[in-house]
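For the sequence shown, UniProt numbering assigns the number 1 to the initial residue and increments by one for each residue that follows.
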Amino acid sequence: MTAEDPNVKSEALAYLRRESLDIYNRVHSIAEDCEFVKAACRAYPDLPVVPNLRCGAWYVDPTIASGEVAYFKSTDGHFNNWTFNLRRPNVHLLPFIVQHGGLLLVDSTRSGKRMPDALSKTVPIWCAVVNRAMCMRHGKGDEWDVSLFTSPAAVSRQEHAQIETQLDDWARLLTNSSYDLPNLTHSLRPLWVTPSTSLYPHLPPLSDGTFYPVVCISASKQIEEGFERRSNGFSYIQGSGDDHELWGQASILDDICGLTPDMFWRNRDRILNTDRFSLPGLIGDLVAQRAERYGDGRCTAGPTKIAKVQGTLLVGKLSDLPLPLPHSLTDSADGISYVLISEEPATQAVEPAPRDDLLRLQLPQGKRGQKLFLESVLPRAMPFVDLQLSRGKAVCICCDSGKDASVGIALIVLQLFFDNAGQFLRPEDRGGTAIDKKSISTRLQWIITSRPQANPARATLKRVNEFLMTSPALRGK
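Here's what the structure looks like:
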């Protein structure tokens with residue numbers, strides 16, 4: 001039997017896959033990378049640490065994390081697919097950067113690259129676009145730096161030049177959007193730190209009038225093969241925090257029932273001190289314990305107030321809500337009402353007594369769910385929300401993910417019941433606000449400004465447009 005034997009090759013690939021998905025290898029690889037991240041952060045003690053979701057959260061110790069998060073996607077930096085996406089503008093980071101003089105952004109990649117495209121291209125695009133938008137919206141002098149900065153180790157001259165030709169168009173899109181852009185006193189500039197970095201970039205003091213540094217820390221060591229053996233009994237897997245649903249013992253409710261960064265950090269020592277054979281059982285126990293606590297009254301991050309409408313509308317995730325549902329989550333004198341959308345049917349154990357401030361809606365996944373969203377969920381939700389707002393109540397809209405169906409419903413509410421300044425419209429005052437794709441896009445930007453993780457599916461947005469811009473008799477035709 002030779003090395004060319006297909007059976008040998010198949011067995012080798014199966015072995016590599018087993019090693020890469022092994023949870024013992026994954027958590028110990030993450031722990032190794034975390035030590036590098038801590039060391040890199042110590043080199044810049046004055047800058048706050050921000051994980052780039054989802055992967056980055058595995059590598060940032062909560063004791064050093066700032067509490068802020070970023071949403072830079074590698075797909076926005078993939079070759080020939082470069083873009084500045086108004087659905088992920090990350091403008092919530094700008095006041096934070098001004099306040100702290102810069103930030104440290106943590107992410108990783110499993111692809112064998114030195115750094116993920118999110119850090120090597122998406123972030124540089126973001127910095128250059130924001131800098132150019134500053135000129136367009138606020139007016140800057142000739143000394144204002146609008147250059148594109150990329151790492152020569154990750155981006156070729158040709159790719160750099162191709163990206164550069166599109167920056168002004170993206171900057172105009174951002175400038176013409178409804179996003180609030182604070183007038184920066186310094187331009188943004190990306191810098192990079194990886195495990196192969198021998199000398200960390202020097203940061204001049206802001207008093208020199210230079211730039212706000214966005215230091216991109218790629219957590220994982222680049223390896224040529226699928227893994228590297230370590231002397232203490234595990235195989236190092238590059239970018240182990242990526243795609244955790246493949247190895248973290250997740251079930252249908254991924255965020256709830258699988259191992260998450262939060263669970264890892266809460267139980268870090270216990271997890272790392274457990275032997276390979278016992279570890280899956282421990283993880284299973286931790287996952288089960290969290291599932292039992294789901295809905296036990298502990299409110300985590302909580303739903304997000306939409307600032308443009310003074311917090312009278314909130315968007316969130318069902319698991320963020322305490323149970324039983326309180327009659328107030330905000331400072332609204334008249335309390336709060338709820339629209340809760342879930343794939344699962346409601347049970348009496350969750351809310352045994354009927355409430356006139358609560359609307360529960362079931363929404364299955366797939367094409368059937370999209371049809372029900374248009375023909376049942378939205379027609380039932382709008383009169384309920386209108387009534388609650390008219391009574392002076394805030395309305396909290398939550399779905400399983402906190403970023404899709406709930407955002408779609410909130411988007412329609414903002415379009416139908418609020419004017420372009422974010423003021424609630426009484427029924428007699430409605431009809432003067434034009435409904436078109438621009439006004440819908442503006443209201444989505446209101447939501448994203450307050451809740452950056454909002455990311456409604458294209459199918460959801462299509463149904464939103466159809467509901468708002470098509471007569472009821474023609475919807476779904």
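For every residue, glycine included, the Cβ atom is placed at its ideal position computed from N, Cα and C.
Computed from a predicted structure; not experimentally measured.
- Restricted to the region 361-442, the beta strand (DSSP E) segments that are unbroken, complete and at least 3 residues in length are 394-399, listed in chain order.
- At the C-beta level, LEU363 and ALA405 come within 8 Å of one another.
- For LEU282, the CB contacts under 6 Å within the same chain, skipping 5 residues up- and downstream, are THR274 in chain order.
- Inclusion of GLY102 and VAL215 in the CB contact set at 8 Å is warranted, their separation being smaller than that value.
- Approximately 18 Å separates the beta-carbon atoms of THR109 and SER235; this is outside 8 Å, ruling out the contact.
- Contact between ALA381 and GLY311 is ruled out by a C-beta separation of about 19 Å, above the 8 Å threshold.
- Runs of the beta strand (DSSP E) lying entirely within the region 305-329 and spanning at least 3 residues, in chain order: 313-317.
- Around the beta carbon of PRO152, fewer than 16 other beta carbons lie within 10 angstroms, which makes this residue exposed.
- Taking a cut-off of 8 Å for Cβ pairs, the region 206-215 and the region 150-165 do not touch, as fewer than three such pairs fall below it.
- Across the structure, MET263 and LEU444 are spaced so that their CA atoms are roughly 32 Å apart.
- The DSSP-derived three-state label of ASP285 is helix.
- If only uninterrupted alpha helix (DSSP H) runs of at least 4 residues are considered, those enclosed by the region 69-111 are 93-100.
- When THR83, CYS34, VAL146, LEU104 are compared, the shortest CA-CA separation from GLY67 is found for LEU104.
- Secondary structure of GLU35 (DSSP, three-state): helix.
- The beta carbon of VAL377 lies closer than 7 Å to those of ILE341, LEU361, LEU363 in the same chain, with the five residues before and after it left out.
- Closest in C-alpha terms to CYS34, from the list PHE418, PRO62, VAL146, comes PRO62.
- Using a C-beta cut-off of 8 Å, the region 78-89 makes contact with the region 167-182, since at least three inter-stretch Cβ pairs fall below that distance.
- Per DSSP, the beta-bridge partners of SER235 are ARG229.
- Nearest neighbour of ARG355 by Cα position, chosen from PRO379, ARG368, PRO326, GLU344, turns out to be PRO326.
- By the criterion of a C-beta distance shorter than 6 Å, LEU191 is surrounded in its chain by PRO201, PRO213, VAL215, once the five residues flanking it on both sides are discounted.
- A buried status is given to MET115, since no fewer than 16 other beta-carbon atoms sit within 10 Å of its beta-carbon.
- With respect to SER441, ALA307 sits apart: the two C-beta atoms are not nearer than 8 Å.
- According to DSSP, residue pairing for ILE336 in a beta bridge involves ALA394.
- Boundaries of the beta strand (DSSP E) harbouring PHE211: 211-218, taken from the DSSP string.
- Per DSSP, ARG54 is not a residue of any beta strand (DSSP E), being assigned neither H nor E.
- Apart from the 5 residues on each side of it in sequence, MET134 sits with its Cβ closer than 6 Å to the Cβ of LYS140, LEU184 in its chain, given in chain order.
- Under the DSSP assignment, PRO124 falls in the alpha helix (DSSP H) whose first and last residues are 123-138.
- One thing to note: VAL309 has its Cβ within 8 Å of the Cβ of LEU414.
- In the structure shown, ARG463 falls within a helical segment according to DSSP collapsed to helix, strand and coil.
- One alpha carbon belongs to THR75, the other to ASN81, and they sit about 7 Å apart.
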